[in-house]
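*Asks:* After the structure tokens below, expect a handful of questions from me.
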Amino acid sequence: MRIYLSEVFAAGLFWLFLSSAIGEYNTDENVKEVKIGVLVPMTGYWPIGKTSASAITIAVDKINRDPTLLLGYNMTFLWNDSMCLAAEGLNQAVEFRISGVDAIIGDGCDIICEPAAILAASWNLPMISWGCESSKLSEKSIYSTFARTVGSFSKMGGLFMSVLGYFKWKSIGIIASTESIWQLAMTGLMKVFLQHDIDIRYIHTLNPGHVLVTEREEYKSVLMLAKETARIPMPPKAVNLLQRVVNRVSQMAKMLTVSRKTHHDVFYSAIVFIMLCYGGDIRALMLFAHDLDMLNGDYAFLTVNLLPSAAIGNNTFMGNDGRDAEAALAFRGILSIHVREPTTELWQQFTKEVKEKLEDYPFEIQLDHSEKVEVYAGAIYDAIYLYAIALNETLAAGGDKKDGQAIVHRMLNMEFEGASGTVRIDESGDRDPDYSLKYYVNGSFQNIADYNHSTGGFNLRDVRVIWAGGRTNPPLDKPRCGWEKELCREQGREATQQLVNVVIGASTAGVVVLALMFFLIIRKLRYETDLAQNKSWKLRYDDLHIQDHSGSGEAQSQGVTTFKRSPSTVRPLPKTETKEELNVNTIKAVKPFTSPLIQEEQTTAASNASANTEQIFTTIGNYQGRTVAIKRLNKKTVHMTREILIQLKQVRDISHENLNPFIGACIESPNIMMVWSYCKKGSLKDVLANDEYKIDYGFKLSMAIDIAAGMKYLHNTSVKFHGNLTSTRCVIDSHWVVKITDWGLHEFKAGQENTKSLHKMYYDLLWTAPEHINISKVEREGFSQKGDVYSYGILLQEMSFRSEPYSRKMLQPKVIIHRVVAHEDPPFRPDVPSMEMKPEYIELMVDCWNDEPEERPHFYRIVERLKKESGRGSNIIENMVTMMEKHANHLEQLVEERTRQLNEEKEKTEKILYRLLPPLVVDQLKSDNTVQAEGFEEVTIFFSDIVGFTKLASMSTPLEIVGFLNDLYVSFDEIISRFDVYKVETVGDAYVVVSGCPKKNGIKHASEIASMALELLSHMTVFRVRHLPDHQLQLRIGINTGPVVAAVVGVTMPRFCLYGHTVNIASKLESTCLPLRIHVSSESHSRLVEVGGFYLEERGQVQIKRQGLVTTYWLVGKEGFDKALPDPPLDFSEPLFETLDVYYAS
């Protein structure tokens, strides 16, 4: 997909021309908002925003004018100064989230991008950086909503190789900061250097200066060692500075630590240094290089993204050290790699517009004529435009602007013309950038070369480079006389030197031979020790939590012995013995993947089908939190010989994408088991038997390639062969990758008790090559690679027709095996009608089951033939895409349905949870499973109950009481939903409500409870008991205000409870209340008077236990409340004091 900026300008003019015609649609009522938040450093170490921020305004304005983008939406933006500081940047990102932005654009500093991108992924919010280059950000499993319009450091390898090649440098040293961004950059570059045979003579990692300024002397020691050892051997005491080589670079030549007691190896440094660190650290290194007289032109220094401002001490951790002039001199001749700045006319117009817009709101920055617009202005513009294009496609496809992952997915492999040139985004969301090589001169960096990432072209400009020391010629990568001055020795010493060389060579050879022998002995001892002591394969039976004991005990690699289907799926064939007894109509009625060969299994499956339609692919268990497939061997004990230990180690160490990983083995008698990784799709046999999977020729070819690739790798390992390759020993994982399982461990599996029926024994030999069949014992005898090829040919036949081997022969397994072993002419093999498969596939199938083992092809030839077949007529990637599109449709529908059901159940669960507990409490429980008790200084509590409920209950049945209370409380719940209150619970006829807890609302809690109480009391005038319609329900209400403590009590069925004296008083006010009255405490009375608008009457003093005589009030109305209230009964005798001591705690 390519979009050109010129087309956008043309479209914009056309849009302005038609704006009068369609302007009525884009009214304020119809236009929706898309809000972006932009992070850009305006102050601090790298204030790039001062020269580039207006690119935001330009991009947003052009997007809003573009008729092809976001029709019906208007884009707005917020911006914040990130200061290039992690704390500030994260704070601003959180503020953007609170402000409801739809995407974050920025930042340019990796120290912000790495943590902020993790937050963005958790929020499902798109984050498009315009300057962060950390290689770690390419990991989509962590940063799923992140993309960028710059490239990662890992993409600079090509330019580094071009620079080294141009200056003929084959020997380098690397100095890198311990910060993760530079360690990742070093790892990536070292891989490239080692692939191109670059001699990495020196590696050092140093603590960044801003972390620990007191370690500045480390820089000096590093360069002092580099300088001194560039000419002379390194003394033993300096060996401890030998570098820690990055573990991820497996090809790195081992740099052995030398013992000062035994060896005095010679270690030399380098002359060409690549420095991977921030500007302050580079300044410190270059100043120490200046102090060590290393800036004489003999040394070269390369770095990445070095800013000219780094020469100023106040811009770094070093502060004002008075050495800015020396730093500027030390920087002269440094080569630095930067993102390439375009030179087109369109770019010149863009930079001019950026300068003009900077003077406008909201930035209002006046640039000097000499100040330059940085290339990152184009990256900012492109980041916003990239988001707009992806969002536009997402909305057009019916997506949601809040779905960050979907939007970023649209950006992958996108290409368009942006302000900074052609923008190509790869599959990781990174731009494929072009770079420039610059060198420092007169306080700034001058471009000397350009690098095109797509073509790998390195174009040097006509610029004369002045190296350190004023030289015009680049330094050599080693001393002119060699590291040991061997190139400058006098001719007269050659003979002597040759003799010395012979002696040294012989001595060295002797030492090497002795060292090699010692190494082999040590290696042998270590191997034997590891063989005897390494028990990583050994599993305890108690650690295997077996989930399915109902099956036969066969592992996933042994087939679907516990495979259950619906009755419509299993249809046994007629019980016939020969092909002649079946007519054509009978054969057509046969379901694929069925034959007389499996009638016994079908009978069992059909009898159980109605009970369970779930596919149980194997005996499965749980080991250390992961699901595993378990194969139980039919023997009670196993004798652990050396051969078995070797096989266990081999199988444990082998890894390939098409070999199912071996987890371990259990040897605790009588539980002898093998444990393999579990693949959710089951075996190849299961998939072929499942009619829900639509498998076309391309899909079959893909599975055949997977199996052949796994066998090819297995044949090249110490295992050598499989020996029992069948469709049940080919399993399929959740990504539809076919893996071979149950391989190796032949000695471990030997000696099992044979409990199979004769029918099953013959059936299991259907995949076995005739030379490995012992017909007298009806068993397999011996293994070979050619035997595996024969078994593979039978697998190809199974995949062709989705049927059992020899299914179209309609013969019993015993008859088939006897005819195969008889070596008939032509050999007895499955029928292969050529009309159903392509000739190339059939030819390969026939070659694989050739009667002569030596005529069968090797697996590497099989892989070549299949790949050639899969790529015929089109690109192999296009074939794969087409195949996956065909077979993903029904899977997508299934996933969507299951996801919808899951979401529905999740919503139901959350709704129930929110009804049981306050939303704030639920959110805390969901986040960390604990809720701390919290005190509230003042809340208002409401208690009510029904007068005469006991008498009413005696007149009603339990079902009538339940129905009556449900009617009452449903109506109560509807009324209280209009107020800022929370229902604590109901117990029998008691109804408890609180306001001001758990959500605080100032002093509104009293007025909210009072208003709610009036509404509930008014409801008594219209509420009727269904089974007693003439009965007037009488409610009495108590209200009190004061402090409480709220907490969630219990783990099983947790309850939100209130504790404190305030709760007790509210309960007592309710129990001393008159029917159809609202009884208010003096504390609540004070709050209602403060709020105003409520009518209260003094009741007088009431005796309350443990409180004495207290003054209470009746709530009789509210200003503006015109609903009818029930008349209190005149004949109700008021109690003089309350006698019950009720302490209500929930």
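Numbered according to mature numbering (1 follows the signal peptide of the UniProt record, and there is no 0), the sequence shown spans residues -23 to -1, 1 to 1123. Even glycine gets a Cβ: it sits at the ideal position worked out from N, Cα and C.
Measure the CB-CB distance between threonine 703 and tryptophan 653 and report whether it falls below 8 angstroms.
*Replies:* In this structure, tryptophan 653 does not lie closer than 8 angstroms to threonine 703 by Cβ.
*Asks:* Let me know if valine 715 comes out buried or exposed under the rule of 16 or more other beta-carbons within 10 Å of its beta-carbon.
*Replies:* With 16 or more Cβ atoms within 10 Å of its Cβ, valine 715 is classed as buried.
*Asks:* If we count the other Cβ atoms within 10 Å of its Cβ and call it buried at 16 or more, is residue 1125 buried or exposed?
*Replies:* A query on residue 1125 cannot be resolved here, the shown segment of the chain reaching from -23 to 1123 and no further.
*Asks:* One question on the structure: do alanine 266 and alanine 305 come within less than 8 angstroms of each other, judged by their Cβ atoms?
*Replies:* Taking 8 angstroms as the Cβ cut-off, alanine 266 and alanine 305 do not qualify as a contacting pair.
*Asks:* In the structure shown, what three-state DSSP assignment does tryptophan 146 receive?
*Replies:* The answer is coil: DSSP assigns tryptophan 146 none of H, G, I, E or B.
*Asks:* With DSSP as the reference, label leucine 1107 as helix, strand or coil.
*Replies:* If DSSP states are grouped into helix, strand and coil, leucine 1107 belongs with coil.
*Asks:* Leaving out the 5 sequence neighbours to the left and right, which residues in its chain are closer than 6 angstroms to arginine 225 when beta-carbon positions are compared?
*Replies:* Per-residue confidence for arginine 225 stands at a pLDDT of 33, beneath the threshold of 50, marking its modelled position as unreliable; the derived number appears in the next sentence. Counting only Cβ-Cβ distances below 6 angstroms, and skipping sequence neighbours, we find Thr164.
*Asks:* Give me whichever residues DSSP pairs with aspartate 58 in a beta bridge.
*Replies:* Beta-bridge pairing links aspartate 58 to Val17.
*Asks:* Report the three-state DSSP secondary structure of isoleucine 119 (helix, strand or coil).
*Replies:* In this structure, isoleucine 119 counts as coil in the three-state DSSP scheme.
*Asks:* How close, in whole Å, do the beta carbons of isoleucine 13 and isoleucine 342 come, if the pair is a contact with beta carbons under 8 angstroms?
*Replies:* About 20 angstroms separates the two Cβ atoms, so there is no contact after all.
*Asks:* Rounded to whole angstroms, what is the Cα-Cα separation between leucine 1070 and arginine 1064?
*Replies:* Checking the displayed sequence, the identity of residue 1070 turns out to be glycine instead of leucine. Cα to Cα, glycine 1070 sits roughly 11 angstroms from arginine 1064.
*Asks:* Could you spell out the range, first to last residue, of the beta strand (DSSP E) harbouring valine 970?
*Replies:* It spans 967 to 972 - the beta strand (DSSP E) in which valine 970 sits, taken as one unbroken run.
*Asks:* Provide the residue(s) that pair with cysteine 1034 in DSSP beta bridges, ordered along the chain.
*Replies:* BP columns for cysteine 1034 point to Ala1024.
*Asks:* Tell me whether the beta-carbon of lysine 689 lies closer than 8 angstroms to the beta-carbon of valine 840.
*Replies:* A contact, by the Cβ cut-off of 8 angstroms.
*Asks:* Tell me where the beta strand (DSSP E) around isoleucine 672 begins and ends.
*Replies:* Isoleucine 672 -> no beta strand (DSSP E), and no H or E assigned at all.
*Asks:* On the three-state DSSP scale, how would you describe isoleucine 750?
*Replies:* In the structure shown, isoleucine 750 sits in a strand (DSSP, three-state: E or B).
*Asks:* Measure from the alpha carbon of glutamate 1047 to the alpha carbon of each residue in Pro975, His315, Leu1092, then state which is nearest.
*Replies:* Minimum Cα distance to glutamate 1047 is reached at Leu1092.
*Asks:* Which of the three DSSP states is assigned to cysteine 1050 in this structure?
*Replies:* Coil at cysteine 1050, not helix or strand.
*Asks:* Going by DSSP in three states, isoleucine 819 sits in which element: helix, strand or coil?
*Replies:* It is helical.
*Asks:* How far does the beta strand (DSSP E) with tryptophan 1091 in it extend, from its first residue to its last?
*Replies:* Looking at the DSSP string, the run of the beta strand (DSSP E) that includes tryptophan 1091 is 1085 to 1095.
*Asks:* Could you tell me whether the stretch 34 to 48 touches the stretch 357 to 371, where touching means 3 or more Cβ pairs closer than 8 angstroms?
*Replies:* Contact between the stretch 34 to 48 and the stretch 357 to 371 is present, because at least three Cβ pairs lie under 8 angstroms.
*Asks:* Using a Cβ distance threshold of 8 angstroms, determine whether the stretch 119 to 127 contacts the stretch 135 to 146, with at least three qualifying pairs required.
*Replies:* Cβ pair count under 8 angstroms is below three, so no.
*Asks:* Quick one: what does DSSP say serine 734 is sitting in, helix, strand or coil?
*Replies:* Here serine 734 sits in coil by DSSP.
*Asks:* Helix, strand or coil: which one does DSSP assign to glycine 186?
*Replies:* Coil.
*Asks:* Please tell me whether glycine 108 and glycine 85 are closer than 8 angstroms, where the distance is taken between their beta carbons.
*Replies:* In this structure, glycine 85 lies closer than 8 angstroms to glycine 108 by Cβ.
*Asks:* Pick from Arg387, Glu992, Met295: whose alpha carbon is nearest that of glutamate 404?
*Replies:* Minimum Cα distance to glutamate 404 is reached at Arg387.
*Asks:* Tell me whether proline 747 is buried or exposed, calling it buried when 16 or more other Cβ atoms sit within 10 Å of its Cβ.
*Replies:* Buried, since its Cβ has 16 or more Cβ neighbours within 10 Å.
*Asks:* Report the three-state DSSP secondary structure of histidine 982 (helix, strand or coil).
*Replies:* DSSP places histidine 982 in helix when its eight states are reduced to three.
*Asks:* When the Cα atoms are used, what is the spatial distance from valine 316 to cysteine 458?
*Replies:* Those two C-alpha atoms are separated by around 38 angstroms.
*Asks:* Please state if the CB of phenylalanine 294 and the CB of glycine 434 are separated by a distance shorter than 8 angstroms.
*Replies:* Cβ distance not < 8 angstroms, so glycine 434 and phenylalanine 294 don't count as in contact.
*Asks:* Could you please give me the residues that DSSP links to isoleucine 251 through a beta bridge?
*Replies:* Answer is Ile151, Leu279.
*Asks:* Pull up the distance between the alpha-carbon of glycine 482 and that of methionine 263, whole angstroms please.
*Replies:* If I take the Cα positions, the gap works out to 41 angstroms.
*Asks:* Which residue wins for smallest C-alpha separation from isoleucine 708, given the options Ala64, Pro103, Tyr655?
*Replies:* It is valine, not isoleucine, that sits at residue 708 in the sequence shown. Here the closest residue by C-alpha is Tyr655.
*Asks:* Could you tell me how far apart the beta carbons of glutamate 1067 and isoleucine 980 are, in whole angstroms, since I believe they sit closer than 8 angstroms?
*Replies:* Between isoleucine 980 and glutamate 1067 the Cβ distance is about 7 angstroms, and since that is below 8 angstroms, they are a contact.
*Asks:* Please tell me whether leucine 102 and glycine 381 are closer than 8 angstroms, where the distance is taken between their beta carbons.
*Replies:* Closer than 8 angstroms, so yes.
*Asks:* Suppose only complete runs of 4+ residues qualify. What are the alpha helix (DSSP H) ranges in the stretch 57 to 104, listed by chain order?
*Replies:* Within the stretch 57 to 104, the complete alpha helix (DSSP H) runs of at least 4 residues are 63 to 76, 87 to 100.
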